[in-house]
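Residue numbers (my numbering), protein chains in the order written: chain A, 1 to 114; chain B, 1 to 115.
The beta carbon of each residue, even a glycine, is placed where N, CA and C say it ideally should be.
Owing to the predicted nature of the structure, the values given are computational and were not obtained by experimental measurement.
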């Protein structure tokens, strides 16, 4: 069964460093998302991406964040200068189309900023 | 704007007992509603969804949920819990209209099943 894959599963980084979280969405999907879950808190929407541009973004998605689809298969989230409060589980998701009712999620990347 | 409230961050049931996980939502537009499950070290898997068709929705693994507009609720139930149901469950909402495709999640309910 097709699935969204995320790498790495766990990343530890020093405060101030840049990190890139990687995702491979399902191959025929066109709409991509990043969500995050700080430990003990809700899963929160960060950004959606369609047709090589950001479609929606939340207040959390400030200038330190960026997304990119560098090739036909990967979808990345870059955090430019990590802060302690960026420690969270980051989920990538994809859906077939903008109006699809179902988004498929990856297993998540746990980011720990020390 | 949408929001979701899941009552009970942790629910314990005995194996074979009824599972009831509560979810209340608010939405300024007719909602689509979802239940996702997360097993340890895995991603979010869709259990079931309500998209304005039948109000009683059946999902995978014997779970079902009923959309009650008057109560703004979408509670998840399963008649008989199995050990394999132990996981974290998330209720989520999104608007059904154009331009509102992001999911808004509840805080999650961790289900423990006691043998």
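Chain-ordered chain A contacts of residue i [CB-CB under 9 Å]
i             : result
residue 2/B   : Neighbours of residue 2/B on chain A: none; closest Cβ ~11 Å, over 9 Å.
residue 107/B : 40, 41, 42 and 43
Residues of its chain near residue i, where Cβ-Cβ distance is below 7 Å and the 5 sequence neighbours each way are ignored
i            : result
residue 29/A : 94, 95 and 96
residue 12/B : 112 and 114
residue 75/B : 20, 21, 22, 23, 65 and 66
residue 60/A : 44 and 46
Given residue i as reference, the closest of the options once Cα atoms are compared
i            : options                    : result
residue 38/B : 104/A, 112/A and 111/A     : 104/A
residue 1/A  : 14/A, 18/A and 25/A        : 25/A
residue 15/B : 108/B, 35/B, 45/B and 85/B : 85/B
residue 72/B : 8/B, 18/B, 17/B and 26/B   : 26/B
residue 30/B : 87/B, 62/B, 80/B and 55/B  : 55/B
residue 28/B : 101/B, 2/B, 43/B and 61/B  : 2/B
Under 8 Å by beta carbon: chain B residues contacting residue i
i             : result
residue 45/A  : 102, 103 and 104
residue 107/A : 41, 42 and 43
residue 91/A  : 43 and 44
Other residues of its chain near residue i: CB distance less than 6 Å, five sequence neighbours each side excluded
i            : result
residue 59/B : 47 and 48
residue 10/B : 110
residue 67/A : 47, 49 and 77
residue 51/B : 32
residue 45/B : 37
residue 89/A : 37, 108 and 110
Contact list for residue i against chain B, beta-carbon separation under 7 Å
i             : result
residue 103/A : 103
residue 87/A  : Neighbours of residue 87/A on chain B: none; closest Cβ ~17 Å, over 7 Å.
Under 7 Å from the C-beta of residue i: neighbouring residues of chain A
i             : result
residue 51/B  : 101
residue 32/B  : 101
residue 46/B  : 102
residue 58/B  : Per Cβ cutoff of 7 Å: no residues; residue 58/B is ~15 Å from chain A at best.
residue 110/B : What residue 110/B touches in chain A: nothing, since even the nearest Cβ is about 11 Å away.
So does the region 60 to 72 of chain B actually touch the region 2 to 14 of chain A, counting three or more Cβ pairs closer than 8 Å?
no
Is it true that the region 46 to 55 of chain A meets the region 7 to 19 of chain A, where meeting means three or more beta-carbon pairs spaced less than 8 Å apart?
Contact between the region 46 to 55 of chain A and the region 7 to 19 of chain A is not established, with fewer than three Cβ pairs separated by less than 8 Å.
Quick one: complete beta strand (DSSP E) runs, 3+ long, within the region 8 to 34 of chain A?
For the region 8 to 34 of chain A, the continuous beta strand (DSSP E) assignments of 3+ residues that do not extend past its boundaries occur at 10 to 13 and 19 to 24, in sequence order.
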